[in-house]
Amino acid sequence: MDRNLAMEVVRVTEMAAIASARLMGRGNKDESDQAAVDAMRRAFDALNIDGTVVIGEGERDEAPMLYIGERVGARAAGAPEVDIALDPLEGTNLCAYGRPGSISVVAMSSHGGLLNAPDTYMEKIAVGPRAKGAIDLTKSPTENLRAIAERMKLYVEDLTVMILDRERHADLIKEVRAAGARVRLIEDGDVAGAIATCFEGSGVDVLMGIGGAPEGVIAAAAIRATGGDMQGRLVPRNQGEIERAKKMGITDIHKIYAAEELARGEVMFAATGVTSGDFLKGVRFFGGGCETHSVVMRSKTGTVRFIQSIHKFDKKPGYAP
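Just so we're aligned: 953 in the numbering used here is position 201 of the sequence shown, and the numbers increase by one with no gaps anywhere.
As structure tokens, this is what we get:
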């Protein structure tokens, strides 16, 4: 996977972001998500890769496209064989109701590099490069916050912890507050939350809590590319999810995964803002076109590029919803 491919992948997230952003605020999350899926699938056709979706919109019988196992890309002779984890619209409710923080994301690795995570929950903790090596999911939130603060040469009271606003996090939120850290609750979008920890300007130092396992793999790719740190542990909700995980090759349900195990080898990550969030602006439309803001990262070089693009619909008809 070369740097030219990294720059091409961002076209995929741009198209998905533009399509879903056109439907922002209309209150129909399924419509927004479908627009993103359709646009992303079309964009993959122009990408010279031999790609396999390992994390996507669901199993083949659940999703007509971008399903797990689907092969995408132009697949011309010599095209690199890659695994793909994607979310055409991360934060569907955020987009549907015009709230901040929805993004379109794609993570890519060499074949076999991305954990084929089941559609279940995952307990996660993520930090930026300044706190790398300080986290441990076997320890309590309070112990982790103290270790993170010490590594970053801060007081615990200086830390901002991002947590999904869910009933299951009531005890976690209570403990984080008791430890003295500040809490920032989000409605959806913990991929964006995990990535935000790696950018100091975001004001987010730590992501904690339970979210989707597939989203954990996508976030791990970005965390690795930026030099941050992350750990995750599956939290199945029932025996059926345990059995499904085993069928996908996971033998130890209680295993704590490091970022390097969730996204192994060389990885790249691209995201485009749909609605404005902590580190990416949303799509802005104007007569005849729009403006997008994206980020592209590569673990091989550690390069992070922010891309601001102007799209003219008369010259790029495929971008126009």
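Ideal placement from N, C-alpha and C gives every residue a C-beta, glycine not left out.
| field | Rounded separation between VAL969 and ALA798 - CA only | value | Numbered from its first residue, the sequence shown carries residue 969 at position 217. Numbered from its first residue, the sequence shown carries residue 798 at position 46. Spanning the alpha carbons of VAL969 and ALA798 requires a straight line of approximately 25 angstroms.
| message | On the DSSP bridge list, what partners appear for HIS1045? | response | Looking up residue 1045 in the sequence shown gives position 293. DSSP lists GLN1060 as partners of HIS1045.
| query | What does DSSP give as the partner residues of SER856 in its beta bridges? | reply | Against the sequence shown, residue 856 aligns to sequence position 104. The bridge partners DSSP lists for SER856 are THR1024.
| query | Can you name, in chain order, every residue of its own chain whose Cβ lies under 6 angstroms from the Cβ of ALA971, other than the five neighbours on each side? | reply | Translated into positions along the sequence shown, residue 971 becomes position 219. Taken in chain order, the residues that qualify are VAL943 and ALA946.
| What number of angstroms, rounded off, separates the C-alpha of LEU995 from the C-alpha of LEU867? | Indexing the sequence shown from 1 puts residue 995 at position 243. Indexing the sequence shown from 1 puts residue 867 at position 115. This sequence places Glu at residue 995; Leu is not what is there. In this structure, the straight-line span from the alpha carbon of GLU995 to that of LEU867 is close to 16 angstroms.
| request: Can you check the stretch 948–976 for any beta strand (DSSP E) of at least 3 residues that lies completely inside it and give the ranges in chain order? | output: Correct list: 958–964.
| Closest residue to GLY1039 among ILE801, LEU889, ASP1066 and ILE915 (Cα-Cα distance) | Locating residue 1039 in the sequence shown gives position 287, where the first residue counts as 1. Considering only alpha carbons, the answer is ASP1066.
| Are the CB atoms of ASP835 and VAL789 nearer to each other than 8 angstroms? | Translated into positions along the sequence shown, residue 835 becomes position 83. Translated into positions along the sequence shown, residue 789 becomes position 37. No, the pair does not count as a contact, with Cβ atoms beyond the cut-off.
| request: Identify the continuous alpha helix (DSSP H) that holds VAL789 and give its terminal residues. | output: If you number the sequence shown from 1, residue 789 lands on position 37. Taken as a continuous stretch (DSSP letters only), the alpha helix (DSSP H) holding VAL789 covers 781–797.
| query | With which residues is GLU875 paired in a DSSP beta bridge? | reply | Residue numbering aside, residue 875 sits at position 123 when the sequence shown is read from its first letter. By DSSP's assignment, GLU875 forms a beta bridge with ILE962 and ARG985.
| field | Host alpha helix (DSSP H) of LEU897 (start-end) | value | Numbered from 1 along the sequence shown, position 145 holds the residue referred to as residue 897. Looking at the DSSP string, the run of the alpha helix (DSSP H) that includes LEU897 is 893–904.
| query | With a Cβ-Cβ cutoff of 8 angstroms, do ASN872 and GLU967 count as a contact? | reply | Against the sequence shown, residue 872 aligns to sequence position 120. Against the sequence shown, residue 967 aligns to sequence position 215. Looking at the sequence provided, one finds Thr at residue 872 rather than Asn. Taking 8 angstroms as the Cβ cut-off, THR872 and GLU967 do not qualify as a contacting pair.
| task | For the beta strand (DSSP E) holding GLU842, just list the boundary residues, first then last. | result | Working through the sequence shown from its first residue, we reach residue 842 at position 90. That run of the beta strand (DSSP E) goes 833–842.
| task | For TYR1009, write down the residues that DSSP places opposite it in a beta bridge. | result | By 1-based counting over the sequence shown, the position of residue 1009 is 257. Paired residue(s): GLY984.
| query | Can you pull the DSSP bridge partners for SER862? | reply | The sequence position of residue 862 within the sequence shown is 110, counting from 1. Per DSSP, VAL834.
| Spatially closest choice to SER772 from GLU842, VAL987 and VAL958, by CA coordinates | Position 20 of the sequence shown, counted from the first residue, corresponds to residue 772. Closest option to SER772, Cα to Cα, is GLU842.
| Nonlocal neighbours in the same chain, by C-beta distance under 6 angstroms from GLY803, ignoring five residues either side | Here residue 803 is taken as the residue at index 51 of the sequence shown, counted from 1. Correct list, in chain order: VAL824, GLY825, VAL834 and ILE836.
| Residue span of the alpha helix (DSSP H) that contains ILE925, given as start and end | Here residue 925 refers to the residue found at position 173 of the sequence shown. Run containing ILE925: 922–931, per the alpha helix (DSSP H) assignment.
| query | Exposed or buried, which one is TYR941 when buried takes at least 16 other CB atoms within 10 Å? | reply | Within the sequence shown, numbered from 1, the residue matching residue 941 stands at position 189. What sits at residue 941 in the sequence shown is Gly, not Tyr. Buried.
| message | For the alpha helix (DSSP H) containing ARG936, name the first residue and the last one. | response | Here residue 936 refers to the residue found at position 184 of the sequence shown. Membership of ARG936 in any alpha helix (DSSP H) is not indicated; the residue belongs instead to the beta strand (DSSP E) covering 934–938.
| Out of curiosity, what's the CA-to-CA distance linking ASP839 and LYS1068? | Position 87 of the sequence shown, counted from the start, is the residue given in the question as residue 839. Position 316 of the sequence shown, counted from the start, is the residue given in the question as residue 1068. In this structure, the straight-line span from the alpha carbon of ASP839 to that of LYS1068 is close to 23 angstroms.
| said: Give me, in chain order, the residues of the same chain whose beta-carbon lies closer than 6 angstroms to that of ARG827; leave out the 5 immediate sequence neighbours on both sides. | reply: Taking the first residue of the sequence shown as position 1, residue 827 is located at position 75. Hits under 6 angstroms: ASP802.
| message | Does the stretch 903–919 come into contact with the stretch 945–964, if we say contact requires no fewer than three beta-carbon pairs (one atom in each stretch) closer than 8 angstroms? | response | Enough Cβ pairs lie closer than 8 angstroms, so yes.
| Is it buried or exposed for HIS1006, if we count other Cβ within 10 angstroms and need 16 for buried? | The count along the sequence shown starts at 1 and reaches residue 1006 at position 254. For HIS1006, the number of other beta carbons within 10 angstroms of its own is below 16, and it is reported as exposed.
| request: Please determine, among ILE925, GLN991 and ASN800, the residue with the shortest C-alpha to C-alpha distance to ILE962. | output: Counting from one through the sequence shown, the residue named residue 962 turns up at place 210. The shortest C-alpha separation from ILE962 is found at ILE925.
| said: Would LEU897 and ALA848 be called neighbours here (beta carbons separated by less than 8 angstroms)? | reply: Residue 897 sits at position 145 when you count from the first residue of the sequence shown. Residue 848 sits at position 96 when you count from the first residue of the sequence shown. Contact flag unset, no.
| With 16 other Cβ atoms within 10 Å as the buried cut-off, status of GLY1054 | For the purposes of this step, residue 1054 is identified with residue 302 of the sequence shown, where counting begins at 1. It counts as exposed.
| Could you give the C-beta distance for VAL879 and ASP981, rounded to a whole number, given that I count them as a contact under 8 angstroms? | Here residue 879 refers to the residue found at position 127 of the sequence shown. Here residue 981 refers to the residue found at position 229 of the sequence shown. With 8 angstroms as the limit, VAL879 and ASP981 qualify as a contact, their Cβ atoms being about 5 angstroms apart.
| For LEU937, is the classification buried or exposed, using 16 other Cβ atoms within 10 angstroms of its Cβ as the cut-off for buried? | Here residue 937 refers to the residue found at position 185 when the sequence shown is read from its first residue. By the beta-carbon neighbour count (other beta carbons within 10 angstroms, threshold 16), LEU937 is exposed.
| request: Would you kindly check if the distance between the Cβ of THR1024 and the Cβ of GLY850 is under 8 angstroms? | output: Walking along the sequence shown from the start, residue 850 turns up at place 98. Walking along the sequence shown from the start, residue 1024 turns up at place 272. For GLY850 and THR1024, no; Cβs fall outside 8 angstroms.
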